[in-house]
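Trainee:
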Ligand SMILES: *Cc1c(COP(=O)(O)O)cnc(C)c1O
């Protein structure tokens, strides 16, 4: 059999036959979703007040171990607010992986900072800390009060790792880099709810971190996100900033700073509470599915299922086949053929430094990300598939 049909038939050994195409992600509502949403509707508490938002936030803090979780309207807003709360200066550079979803860089731009693209590591799919360290040794000029990129003259203010497809980046080494150069760490943990690095949940390794509950994520609120932090003051400020900076008072209606209406509506939080109750089961199911894929592709020359490092527990949010270099030319044919036969597959996002709005941003050598972008094929990963 040729490689294209071989991949299709191995996918079929894991995936069910059905009329509708099998999507990359389909939400899974088999718990208390109806009950809680119905409760919002019958009680009338669907919007900016009600008890599900704080319940959802408490559940998130409990699950992640973060000191505080603040629910917001989507993951992009969560990340933007994280950068604002972290005090990322206008015109400063933020180091982030070019191999990411566009929201990672957009949030930096909203804060009027400059994305500075860094390369990824084939072992984690996250930022390559060893390569980044060498690069910074070359380009950074240390001054009192921070470090300057000597190529652009701009300060470098922060490091923004993203945990690709749910797989944790190499946090120990990344934190070390932040310490060496006095960088703030903000995590884009949008894909990694339920993932652990050395036993600790993603999203609060640095100053702040963002989660997403978009429809394709492991837990969905329809649309939603959350800010995580262990800093009590920042947590309180996060809540204030994202709820129009309204001063608490029984009847007076006043605001003490430029706030944002980025809160999560109660009806979305209700859906989220029901989903979070089942998170452990979702993670188990995702991991089981990954194992099935791994077995299905075992022994196929030049095609591997990406698997986690020994020191992490990944949520396997989105499974990825990685083609060997010699098969990269077949990628599009594989994507075309599987999708036409009812199994939706997709290449990874176009690398951020290639997008028109980010073409002129500073960047290091990005050869690993460029190679991965030619070879990654994402395959259906819904919870229900296991
Ligand atoms: C989903 C996602 C976001 C943004 O989340 P939304 O809720 O869709 O705004 C940000 N970064 C990454 C890496 C994501 O996957």
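In the numbering used here, the protein residues as written are 129 to 514. Glycine residues also receive a C-beta, built at the ideal position from the N, C-alpha and C atoms.
1) Can you tell me which of the three DSSP states residue 237 falls into?
2) Since residue 338 sits in a beta bridge, which residues does DSSP pair it with?
3) Which first and last residues belong to the alpha helix (DSSP H) in which residue 257 is found?
4) Considering only the beta carbon of each residue, do residue 290 and residue 225 sit closer than 7 Å?
5) Can you list, in chain order, the residues of its chain with a C-beta nearer than 8 Å to that of residue 228? Leave out the 5 residues immediately preceding and following it.
6) Tell me the DSSP bridge mates of residue 270?
7) Can you tell me which of the three DSSP states residue 529 falls into?
8) Start and end of the beta strand (DSSP E) containing residue 244?
9) Taking the alpha helix (DSSP H) that residue 166 belongs to, which residues open and close that run?
10) Taking the Cβ atom as the reference point for each residue, do residue 311 and residue 286 lie within a distance shorter than 7 Å?
11) Using CA atoms only, rank isn't needed, just tell me which of 144, 157, 364 is closest to residue 344.
12) How far does the beta strand (DSSP E) with residue 449 in it extend, from its first residue to its last?
13) When DSSP builds the beta bridges, which residues end up paired with residue 371?
14) Specify the secondary structure class of residue 285 as computed by DSSP and reduced to three states.
15) Is any non-hydrogen atom of ligand 1 found closer than 6 Å to the C-beta of residue 340, if you look at the structure I gave you?
16) Compare the Cα-Cα distances from residue 234 to each of 211, 248, 253 and report the closest residue.
17) For residue 328, does the three-state DSSP call read helix, strand or coil?
18) Please report the residue range of the alpha helix (DSSP H) in which residue 304 lies.
19) Of the residues 141, 155, 216, which one's Cα is nearest the Cα of residue 403?
20) Can you tell which of 189, 244, 296, 322 has the C-alpha that lies nearest to the C-alpha of residue 359?
21) Less than 6 Å between the CB of residue 353 and some heavy atom of ligand 1, yes or no?
22) Assuming residue 104 and residue 446 make a contact with CB atoms under 8 Å, what is their CB distance in whole Å?
23) Can you name the start and end residues of the beta strand (DSSP E) that residue 563 belongs to?
24) Kindly indicate which residue of 396, 246, 347 has the alpha-carbon position closest to the one of residue 179.
25) Would you report the Cα separation of residue 161 and residue 399, rounded to the nearest angstrom?
26) What separation, rounded to the nearest whole angstrom, lies between the Cα atoms of residue 440 and residue 319?
27) Would you list the one or two residues that DSSP bridges to residue 222?
28) Alpha carbons only, please: which of 473, 488, 511 is nearest the one belonging to residue 503?
29) Please identify the residue among 136, 276, 252, 255 whose C-alpha is closest to the C-alpha of residue 220.
30) Residues in its own chain within less than 6 Å of residue 410 by CB, not counting five upstream and five downstream?
Mentor: Considering the structure as presented:
1) Helix, per DSSP.
2) The secondary-structure analysis by DSSP pairs residue 338 across a beta bridge with 316, 355.
3) Here the alpha helix (DSSP H) through residue 257 covers 257-267.
4) Less than 7 Å divides the Cβ of residue 290 from the Cβ of residue 225.
5) Contacts found: 290, 292, 316, 477, 480.
6) Answer is 275.
7) Because residue 529 is not part of the residues shown, which for the chain are 129 to 514, the question remains open.
8) Note, residue 244: beta strand (DSSP E), 242-246.
9) Per DSSP, residue 166 belongs to the alpha helix (DSSP H) from 161-171.
10) In contact: residue 311 and residue 286 (Cβ atoms closer than 7 Å).
11) For residue 344, the nearest C-alpha among the options comes from 157.
12) Taken as a continuous stretch (DSSP letters only), the beta strand (DSSP E) holding residue 449 covers 447-451.
13) Per DSSP, 389.
14) Residue 285: strand per DSSP, three-state reduction.
15) Yes, ligand 1 has a heavy atom inside 6 Å of this Cβ.
16) Residue 211 holds the alpha-carbon nearest to the alpha-carbon of residue 234 among 211, 248, 253.
17) In the structure shown, residue 328 falls within a strand segment according to DSSP collapsed to helix, strand and coil.
18) Note, residue 304: alpha helix (DSSP H), 299-309.
19) Comparing Cα positions, the closest option is 155.
20) Minimum Cα distance to residue 359 is reached at 189.
21) At least one heavy atom of ligand 1 is nearer than 6 Å to the Cβ of residue 353, so yes.
22) Here the chain covers residues 129 to 514 and nothing more, so residue 104 does not appear.
23) Here the chain comprises residues numbered 129 to 514, so residue 563 is not present and cannot be evaluated.
24) It is 396 whose Cα lies nearest to the Cα of residue 179.
25) Each residue's Cα considered, the two are about 5 Å apart.
26) Taking the straight line joining both Cα atoms gives about 15 Å.
27) Looking at the DSSP assignment, residue 222 forms a beta bridge with 243, 286.
28) Residue 473 holds the alpha-carbon nearest to the alpha-carbon of residue 503 among 473, 488, 511.
29) Per the Cα distances, 276.
30) Same-chain partners within the cutoff: 346, 511.
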